[in-house]
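Read through the structure below, which is laid out as structure tokens, and then see the notes.
There are 2 protein chains.
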Amino acid sequence: VPLAAGIDVGGTKMLGVVIDTESPGDVLRQHRVATARGTDAVVTGLVEVARALGLDEGTTLGLGIPGLVDDNDVLRMGPNLPDVVDAPIGRLVASALGLGHVPVDNDATCAALAEFRGGAGIGVDDGILVALGTGIGAGIISGGRIMHGVHGFAGEPGHMLVDPNGPMCPCGRRGCWERFASGSGLGRLAREWAEAGRLGAVVAAAGGDPDDVKGEHVTEAARAGDRESGEVLDRFAWWIAVGLANLVNILDPHTIVLGGGVIGAADLIVDRVVAQLDGLVLGSGRRPTVPVVAASMGEHAGAVGAALLGAHLD
Amino acid sequence: VPLAAGIDVGGTKMLGVVIDTESPGDVLRQHRVATARGTDAVVTGLVEVARALGLDEGTTLGLGIPGLVDDNDVLRMGPNLPDVVDAPIGRLVASALGLGHVPVDNDATCAALAEFRGGAGIGVDDGILVALGTGIGAGIISGGRIMHGVHGFAGEPGHMLVDPNGPMCPCGRRGCWERFASGSGLGRLAREWAEAGRLGAVVAAAGGDPDDVKGEHVTEAARAGDRESGEVLDRFAWWIAVGLANLVNILDPHTIVLGGGVIGAADLIVDRVVAQLDGLVLGSGRRPTVPVVAASMGEHAGAVGAALLGAHLD
Numbered sequence: 001v002p003l004a005a006g007i008d009v010g011g012t013k014m015l016g017v018v019i020d021t022e023s024p025g026d027v028l029r030q031h032r033v034a035t036a037r038g039t040d041a042v043v044t045g046l047v048e049v050a051r052a053l054g055l056d057e058g059t060t061l062g063l064g065i066p067g068l069v070d071d072n073d074v075l076r077m078g079p080n081l082p083d084v085v086d087a088p089i090g091r092l093v094a095s096a097l098g099l100g101h102v103p104v105d106n107d108a109t110c111a112a113l114a115e116f117r118g119g120a121g122i123g124v125d126d127g128i129l130v131a132l133g134t135g136i137g138a139g140i141i142s143g144g145r146i147m148h149g150v151h152g153f154a155g156e157p158g159h160m161l162v163d164p165n166g167p168m169c170p171c172g173r174r175g176c177w178e179r180f181a182s183g184s185g186l187g188r189l190a191r192e193w194a195e196a197g198r199l200g201a202v203v204a205a206a207g208g209d210p211d212d213v214k215g216e217h218v219t220e221a222a223r224a225g226d227r228e229s230g231e232v233l234d235r236f237a238w239w240i241a242v243g244l245a246n247l248v249n250i251l252d253p254h255t256i257v258l259g260g261g262v263i264g265a266a267d268l269i270v271d272r273v274v275a276q277l278d279g280l281v282l283g284s285g286r287r288p289t290v291p292v293v294a295a296s297m298g299e300h301a302g303a304v305g306a307a308l309l310g311a312h313l314d
Numbered sequence: 315v316p317l318a319a320g321i322d323v324g325g326t327k328m329l330g331v332v333i334d335t336e337s338p339g340d341v342l343r344q345h346r347v348a349t350a351r352g353t354d355a356v357v358t359g360l361v362e363v364a365r366a367l368g369l370d371e372g373t374t375l376g377l378g379i380p381g382l383v384d385d386n387d388v389l390r391m392g393p394n395l396p397d398v399v400d401a402p403i404g405r406l407v408a409s410a411l412g413l414g415h416v417p418v419d420n421d422a423t424c425a426a427l428a429e430f431r432g433g434a435g436i437g438v439d440d441g442i443l444v445a446l447g448t449g450i451g452a453g454i455i456s457g458g459r460i461m462h463g464v465h466g467f468a469g470e471p472g473h474m475l476v477d478p479n480g481p482m483c484p485c486g487r488r489g490c491w492e493r494f495a496s497g498s499g500l501g502r503l504a505r506e507w508a509e510a511g512r513l514g515a516v517v518a519a520a521g522g523d524p525d526d527v528k529g530e531h532v533t534e535a536a537r538a539g540d541r542e543s544g545e546v547l548d549r550f551a552w553w554i555a556v557g558l559a560n561l562v563n564i565l566d567p568h569t570i571v572l573g574g575g576v577i578g579a580a581d582l583i584v585d586r587v588v589a590q591l592d593g594l595v596l597g598s599g600r601r602p603t604v605p606v607v608a609a610s611m612g613e614h615a616g617a618v619g620a621a622l623l624g625a626h627l628d
């Protein structure tokens, strides 16, 4: 059985898995370490995870990294890895482990590969995975293949401008979609409502100070039946739908898979997005509704996709 | 020599051409008629143009239509053809002319085919044509092929939301990119500035009433050296760059070709767009700048691309 290892580098942790490529949804082994700062420390951590996974002879390795990864497997920049710039991570890890080639791609692109090959989008040849976490990552599958773009940088809708008067983004621009539709966006939206005197139940749950309101307080209160929390989630889901509609207008995908930490609350989010998406798409009513489904691989998706990438199953 | 005919249906006129497919930039014959309302009248007009072009035995025909054209060559809807809905235009025209098959695609998609096969984007396999006219159309070429999306509806960035507080769009939604970055968008922006007491030279040229200011007044005044007109064009070009940057973040193309009526003022627009695009793209400075060039086929691009489509050279 061909085994494949993959490691997903996050802003706070690195998660490695070993899978059987014929059954990518089943994780055979896993290991995680905290993400340290700087190229050398990241490489050291990756080598540690790879060794802990116990790579046998013939086991391939691939890496998913949160940032712009070019066609030569070089990480050009990643907003959540500020001290790692123009880093040939794949080559450094391959060299340290004595492996021939360690392919690298964007972490959300890896997650898209995993979900469309063995997860919620299985069987779909033209789909988009959108990972709603602290920021927004995405991967586009077109004709069964990852769409990389000419330089390897395709699939960053999180930084499309959706509001010229919106808040500043860590990327240096204003009004990026991820300021509104990520986990951070939900927290910001809730604090705005709280500071305007709404969301009393949520503010109470947060200890009384509107500044301390977080997204989790909203989802908990909504589950407990708080009406205003449901309204915040309606607005949050509208922002998610805005960006998805932009993607549908541009790419016309078969299916959209939503992943990332926010989708831990899939029961509160997905139906609200579906209810608002159609009305934001050009020609709705005269074209099929695009199915929007929750990812099924959870936090493993990026590492599983990296393993598929390493095994050249991309 | 294989000849091919193509007809581009616009909101006001239909333009037909005959080309030699080996030299698509050279238009051998052309004919135009006004666009009438309703499916029957549009089909009658298309048949008139085709007959006037004098299709010889073996000459193929293709059509470009401004709207959502599905995989079965049915026009689902077009904002500028309000009385033509769910119309099997290709089949109706083929039947009237006794032709076997008349392929149909979106007009801007046809223009993209023409510009990337024989115009300003020749030799580029991954590019986007954005046609800035009354609205905004677009066509995406990926790996040398038109990107149609799953249902045929890809390539409508004109209706991506870029401002939740923006003006209403004829499509029924608010804040679409084409409200800001089309020819209509330039006129609206200029009237806003004029009503705020700016653009004195432009208002004078328009006869004294800010409500009568049009985009052409601004471009004429800018050419004559009016400083404020240059500033309006800077802002207009920023809006163009916003949408292009969104497309670059999502698709990572090699080259963008700008066409449409607005690009009649390419000398005033393109450099201003180029100057502002890079700063709006994620990771600028760590990735190549995307070349933005003016289309070279002018008003013929859609019809030439329709001819290529008809000859199955898409």
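Chains B and H, in that order, are what the protein sequence lines are. The numbering of the first sequence is the numbering used here, which starts it at 1 and goes up by one. The numbering of the second sequence is the numbering used here, which starts it at 315 and goes up by one. Each residue gets a CB set at the ideal place from its N, CA and C atoms; glycine is no exception. All figures in this text were calculated on a predicted structure; none of them were measured in a lab.
**Asked** Given a threshold of 16 other Cβ atoms within 10 Å of its Cβ, counted over all protein chains shown, does V315 of chain H qualify as buried or as exposed?
**Response** exposed
**Closer than 7 angstroms at the beta carbon, the chain H residues around C171 of chain B** = L596
**Request:** Please report the residue range of the alpha helix (DSSP H) in which T219 of chain B lies.
**Result:** 215–223
**Prompt:** Any idea what DSSP makes of C110 of chain B, helix, strand or coil?
**Reply:** helix
**Asked** Using Cβ-Cβ distances below 7 angstroms, what residues of the stretch 599–612 of chain H are close to chain C?
**Response** No chain C is part of this structure, whose protein chains are labelled B and H.
**Asked** Looking at the structure shown, is S409 of chain H part of a helix, part of a strand, or coil, going by DSSP?
**Response** helix
**Item:** Test item: CB-CB of P24 of chain B and A114 of chain B under 8 angstroms
**Value:** yes
**Prompt:** Got a sec: is the Cβ-Cβ distance from A589 of chain H to anything in chain B below 8 angstroms?
**Reply:** no
**Item:** Counterpart residues of A401 of chain H in DSSP-defined beta bridges
**Value:** H:L389
**Asked** Using a C-beta cutoff of 8 angstroms, does D252 of chain B count as contacting chain H?
**Response** yes
**Message:** Does R343 of chain H come out as helix, strand or coil in the three-state DSSP assignment?
**Reply:** Per DSSP, reduced to three states, the secondary structure at R343 of chain H is strand.
**Request:** With DSSP collapsed to three states, give me the class of R227 of chain B.
**Result:** helix
**Asked** So, does the CB of L382 of chain H fall closer than 8 angstroms to a CB anywhere in chain B?
**Response** yes
**Request:** Could you spell out where the beta strand (DSSP E) holding G376 of chain H opens and where it closes?
**Result:** 374–379
**Message:** P103 of chain B and G310 of chain B - do their beta-carbons sit closer together than 8 angstroms?
**Reply:** yes
**Asked** Are the CB atoms of T77 of chain B and R600 of chain H nearer to each other than 8 angstroms?
**Response** The question names Thr, but residue 77 of chain B in the sequence shown is Met. Yes; because the gap between Cβ atoms is below 8 angstroms, this pair is in contact.
**Request:** Examine chain H for any beta-carbon lying closer than 8 angstroms to the beta-carbon of V162 of chain B, and answer yes or no.
**Result:** yes
**Item:** Residues that G259 of chain B bridges to, as DSSP identifies them
**Value:** B:A131
**Asked** When the distance is taken between beta carbons, is H415 of chain H closer than 8 angstroms to A408 of chain H?
**Response** yes
**Item:** Reduced DSSP category for V43 of chain B - H, G, I as helix; E, B as strand; rest coil
**Value:** In the structure shown, V43 of chain B sits in a helix (DSSP, three-state: H, G or I).
**Residues of its chain near A87 of chain B, where Cβ-Cβ distance is below 7 angstroms and the 5 sequence neighbours each way are ignored** = Answer for A87 of chain B: T39, V74, L75, listed in chain order.
**Asked** Should E336 of chain H go down as buried or exposed, given a rule of 16 or more other Cβ atoms within 10 Å for buried?
**Response** exposed
**Message:** List, in chain order, every chain B residue whose beta-carbon is nearer than 9 angstroms to that of A559 of chain H.
**Reply:** H159, M160, L161, R173
**Message:** Give the list of continuous alpha helix (DSSP H) stretches no shorter than 4 residues that lie fully inside the stretch 129–204 of chain B.
**Reply:** For the stretch 129–204 of chain B, whole alpha helix (DSSP H) runs of length 4 or above, ordered along the chain, are 178–181, 183–195.
**Asked** Under a Cβ-count criterion, where at least 16 other Cβ atoms within 10 Å of its own Cβ denotes burial, should R365 of chain H be classed as buried or exposed?
**Response** Under the 10 Å beta carbon count, R365 of chain H is surrounded by fewer than 16 other beta carbons and is classified as exposed.
**Asked** At a cut of 8 angstroms, does the stretch 479–487 of chain H reach the stretch 268–278 of chain B through at least three beta carbon pairs?
**Response** no
**Asked** Using the rule of at least 16 other Cβ atoms within 10 Å of the residue's Cβ for burial, across every protein chain shown, is D107 of chain B buried or exposed?
**Response** buried
**Collapsed DSSP secondary structure at L309 of chain B in the structure displayed** = helix
**Asked** Can the beta-carbon of L308 of chain B be found closer than 8 angstroms to that of I140 of chain B?
**Response** no
**Asked** For the candidate residues B:L28, B:I65, B:D56, whose alpha-carbon lies nearest to that of L46 of chain B?
**Response** B:I65
**Assigned secondary structure, V292 of chain B (DSSP; H/G/I helix, E/B strand, else coil)** = strand
**Asked** Should N563 of chain H be flagged as near chain B, meaning a C-beta pair shorter than 8 angstroms?
**Response** yes
**Prompt:** When the distance is taken between beta carbons, is L596 of chain H closer than 8 angstroms to N563 of chain H?
**Reply:** yes
**Item:** L277 of chain B: first and last residue of the uninterrupted alpha helix (DSSP H) it sits in
**Value:** 266–277
**Request:** Look at D56 of chain B and L3 of chain B and say whether their C-beta atoms are less than 8 angstroms apart.
**Result:** yes
**Item:** Nonlocal neighbours in the same chain, by C-beta distance under 6 angstroms from S284 of chain B, ignoring five residues either side
**Value:** D278
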